[in-house]
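Encoded as structure tokens, the structure appears first; notes follow it.
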Amino acid sequence: MVKTESRRPGRRSISSSPAGAVTGRLRRRRPPSSSPRPPGLTARQRAAIWVRRHRLAPYLLLIPATAVIAWLILWPAAQIGLFSFQDYGLMQIIGAQPTQWIGLGNYSQILHDPEFWLSLRITVLFSLVVVPLTLTVGTLVGLLLSRLGRKMATFVSTSALLAWGTPAVSASVIFAWLTDPDGGIVDWSLSKLPSWLGGGPHWAEFSWQNSALPAYTVLTALLVWMGFPFIAVTVLAGLRTRPPELHEAARIDGAGPWRSFWTITFPLLRPVFMVLLMLSIIWDFGVFTQAFVITAAPGNRDEFNLGLYEYFKAFTQPPAYGMASAIAFILTLILLIITVGYVRASVKQGEVR
Amino acid sequence: MTTAPAPLAARRARRPGTAGKRARRALLNLAGLLVALVTLFPVLWMISTAFKPPTELFSLTPHPIPLHPTLDNFRHVIDGTGVTDSSNNPIPYWTFLRNSLFVTIVAVAVSSLLALLAAIALARFKFRFRTTYLIMLLIVQMLPQQALVIALYIDFRSLNLLDSLTGLIAVYTAFALPVTIWMLRSFAASVPKELEEAAAIDGAGAWTVFWRILFPLVTPGLVATSVFAFIFAYNEFVFALTFLGVDTPRFTLPLFVQFFQGHSTSGTDWGAIMAASTLFTIPVLAFFLIIQRRLASGLVAGAVKG
């Protein structure tokens, strides 16, 4: 009953369809001149014909989404570029003083700020550690999943799914709790470990948040934990498309697992790995939420990565939006350079069709 | 690259002898079990901590399962004694849940609708700037949110959209769009064109073709992309943190969870944080488990095959 009712509007609209929106592709094979214009058309029908004749349907369909993206993503990105050449702070945002163009003033101030170089170094070193680690762990788990029996594979991939699905804020507070000096399980386990494994009583009440290296060790564990499931599932999907005969042949020829990975699996999955590599670099270079919860809540300035450095320049008193925009612009440019690599890898893989 | 032949023992182990095969299988299963346990541990520890009384949180020997499980932490979080508004009234958990669900559902609905229109344009039409548009989508996804938030903060301040859920809805809609369009496009492209052509030959108009043929076939894709948009908006932290500031009654769930950590006065109440985090996380994880299979195929379709 309900079904037939809901169908009716669709059927009725056969005659009064506003545009050749969806079937425009089909209709336009007819040369435009051959579609006669009978007199007595309604305005809507005339508009539909006009849209079809000028092949406007795709543009009309794209307008709403594009408008939103342009207003809330592209324009702000351009504004960041503009603000970075201005003196824009508290006085300007409350309208007490007009904004002033100061050329490269913000940039020269940043480049002379040791905090900027420290945060850049932290960001780069952190990415250099986390990206290969996440890719390696993810690939190993993906390879493991492809060899496990059905039940075990489901169990492992389900637990990976749970790690992947855990919200960034939750995961960060969980890791902050695991490594808490009072009552955290990590310090407890390390203090119980035998000394030849690096354990010992000096780990009791060890503070992971007070200096950069321990804090970023926690952040590394956190990002690998959150990041490897995506890599594993993607690698597994890639492995499934690989012809098994190649491995049979390699095994008969006496190739071990290490060799058959580097000579068969890796070359076959190289495009997938390229995309995963780029994505991981972009994610880990720009990591913010996890870094904010793990390192910034205590507020140690010498633990900031580039994103935190920029954010705190803008949103702690006194706000320096212009200078923060300059840092944001540098961060965005670095990420865009990596993104160009990502786009090229995607195009090569045939994703942009 | 190693050119030496594989060691003899390894070669023997791989021979289809039953003993070697069984040992190998056991070893693999052990590795799988280990990976699963390490992966699950943080989530399980969160849940177990949420049920622990304060005495057990800081005991000298932590127990994986609470000895005296208690609901005090949850009661504390749900009654809202942890987070107060400007006149020091407690704010119950339900307020934050309502804020989060409202923002998320509206943003997902709007972005799915806009993305569906755009995806049809990209999948069904050939037009001049199509490739440029696709590349624009890829690039836009990668712009760092903590950079754009500065400009958006300044814009929204003059539009009076700070301290309001409307501003968050607008931003979440925009930032969900690129991925949603990208994924929906591949779903729409996988619907055979012949179906639409057949319907058109039978006299169906554009609207009928869309509503009766394309839409039902794209629905699984729409579900998958909505899930991604939902997860993004429900978990989002940077914009909420910046726009809402100290406006506690408008907090979304991620801010609520983090608030305990950042603003506690008398030491960190980890029991309450873990209880809040559990209330925030478990619905997401349950949702993931329910739609697991569909999600995996959607993920792969969006991420690898394009």
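Chains as they are written, first to last, in the working numbering: chain P, 7 to 359; chain A, 14 to 319. The beta carbon of each residue, even a glycine, is placed where N, CA and C say it ideally should be. Please read all numbers here as calculations on a predicted model, not as lab measurements.
CA-CA distance, residue i and residue j?
| i | j | result |
| --- | --- | --- |
| GLY234/A | MET196/A | 8 Å |
| THR226/P | GLY292/P | 14 Å |
| VAL28/P | THR172/P | Note that VAL28/P has pLDDT 46, beneath the 50 cutoff, so the model's placement of it is unreliable and no number is given. |
| ARG137/A | GLU251/P | 38 Å |
| GLY260/P | GLU254/P | 10 Å |
| SER199/A | LYS198/P | 52 Å |
| TYR166/A | GLU249/A | 16 Å |
| GLY87/P | VAL136/P | 29 Å |
| THR48/P | LEU292/A | 56 Å |
| LYS34/A | ILE258/P | 16 Å |
| GLN106/P | PRO325/P | 16 Å |
| LEU219/P | ALA102/P | 43 Å |
| GLN85/P | GLY95/P | 15 Å |
| THR160/P | LEU150/P | 12 Å |
| LEU190/A | PHE243/A | 12 Å |
| PHE64/A | TRP107/A | 20 Å |
| ALA36/A | LEU131/P | 41 Å |
| ALA297/P | ASN306/P | 12 Å |
| VAL56/A | ILE180/P | 8 Å |
| PRO200/P | HIS208/P | 12 Å |
| ILE270/P | PRO138/P | 20 Å |
How about residue i and residue j: are their beta carbons less than 8 Å apart?
| i | j | result |
| --- | --- | --- |
| PRO105/A | GLY95/A | no |
| SER61/A | PRO79/A | yes |
| GLN158/A | VAL175/P | no |
| VAL251/A | PHE294/P | yes |
| ALA169/P | MET232/P | yes |
| LEU141/P | ILE55/P | no |
| LEU130/A | PRO70/P | yes |
| VAL74/P | ALA49/A | no |
| PHE212/P | ASP186/P | no |
| ALA246/A | ILE194/A | no |
| ASN112/P | GLY244/P | no |
| PHE91/P | TYR315/P | no |
| PRO235/P | LEU167/P | yes |
| GLU258/A | VAL162/P | Note on residue identity: the sequence assigns Gly, not Glu, to residue 258/A. No, the pair does not count as a contact, with Cβ atoms beyond the cut-off. |
| LEU341/P | MET155/A | yes |
Using a cut-off of 8 Å between C-beta atoms, extract the partners of residue i located in chain D.
| i | result |
| --- | --- |
| ARG170/A | The structure shown contains no chain D; its protein chains are P and A. |
Comparing C-alpha positions only, which one of the options sits nearest to residue i?
| i | options | result |
| --- | --- | --- |
| PHE142/A | LEU252/P, LEU68/P and PHE89/P | LEU68/P |
| HIS116/P | LEU337/P, PHE272/P, ALA102/P and PHE236/P | Strictly speaking, residue 116/P in this sequence is Ile, with His absent from that position. Comparing Cα-Cα distances from ILE116/P to each of LEU337/P, PHE272/P, ALA102/P and PHE236/P, the minimum goes to LEU337/P. |
| LEU184/P | LEU70/A, ASN101/A, THR265/A and LYS34/A | LEU70/A |
| ASP290/P | LEU228/P, MET329/P, ALA326/P and TRP264/P | LEU228/P |
| ILE300/P | PRO70/P, MET158/P, ALA182/P and PRO324/P | ALA182/P |
| GLY205/P | THR140/P, LEU274/P, VAL136/P and SER195/P | SER195/P |
| GLY356/P | ALA334/P, ILE287/P, VAL74/P and VAL281/P | VAL281/P |
| SER352/P | LEU167/P, PRO277/P, GLY313/P and GLN51/P | PRO277/P |
| ASP85/A | ASP282/A, ILE303/A and LEU298/A | ASP282/A |
| ARG38/A | GLY328/P, ARG265/P and LEU154/P | LEU154/P |
| LEU110/A | PRO296/A, PHE301/A, ILE304/A and PRO82/A | PRO296/A |
| LEU78/P | PHE223/A, LEU161/A, THR193/A and THR232/A | LEU161/A |
| ASP366/P | ALA320/P, PHE89/P and GLN215/P | It is not possible to answer for residue 366/P, since the shown part of chain P is limited to 7 through 359. |
| LEU298/A | ALA297/P, TRP264/P and ALA177/P | ALA177/P |
| THR97/A | SER290/A, VAL222/A, PHE301/A and ARG263/A | ARG263/A |
| ALA332/P | TYR185/A, ALA164/A, HIS76/A and ASP176/A | ALA164/A |
| VAL192/A | PHE300/A, LEU147/A and ASP215/A | LEU147/A |
| GLY190/P | GLY109/P, ALA210/P and PHE318/P | ALA210/P |
| ASN42/A | PHE272/P, PHE321/P, ARG156/P and THR322/P | ARG156/P |
| VAL358/P | MET149/A, PHE269/A, PHE54/A and LEU126/A | MET149/A |
Could you pull the DSSP bridge partners for residue i from this structure?
| i | result |
| --- | --- |
| PRO103/A | THR97/A |
| ALA120/A | BP columns for ALA120/A are empty, so no partner. |
| ALA326/P | GLY95/P |
| GLN106/P | ASP93/P |
Skipping 5 residues on each side, what residues in its chain have a beta carbon closer than 8 Å to that of residue i?
| i | result |
| --- | --- |
| SER40/P | Since pLDDT at SER40/P reaches only 49, below the 50 mark, its modelled position is unreliable, and no value is offered. |
| ARG246/P | SER152 |
| LEU80/P | none |
| THR31/A | none |
| LEU302/A | none |
I'd like the list of long-range same chain contacts for residue i, defined as Cβ closer than 6 Å, with 5 residues on each side in sequence excluded.
| i | result |
| --- | --- |
| PHE87/A | ALA288 |
| ILE226/A | LEU208, GLU209 and ALA212 |
| ILE182/A | VAL116, VAL119 and ALA120 |
| LEU266/A | PHE109, SER113 and PHE293 |
| GLY262/P | none |
Suppose the cutoff is 7 Å on Cβ atoms and the five residues either side in sequence are ignored; what does the same chain contact list for residue i look like?
| i | result |
| --- | --- |
| THR240/P | VAL278 and LEU282 |
| MET284/P | ILE344, GLY347, TYR348 and ALA351 |
| ILE304/A | VAL240 |
For the ligand COA, any of its heavy atoms closer than 7 Å to the Cβ of residue i?
| i | result |
| --- | --- |
| LEU47/P | As presented, the structure is devoid of all ligands, the ligand COA included, so that no description of it is given. |
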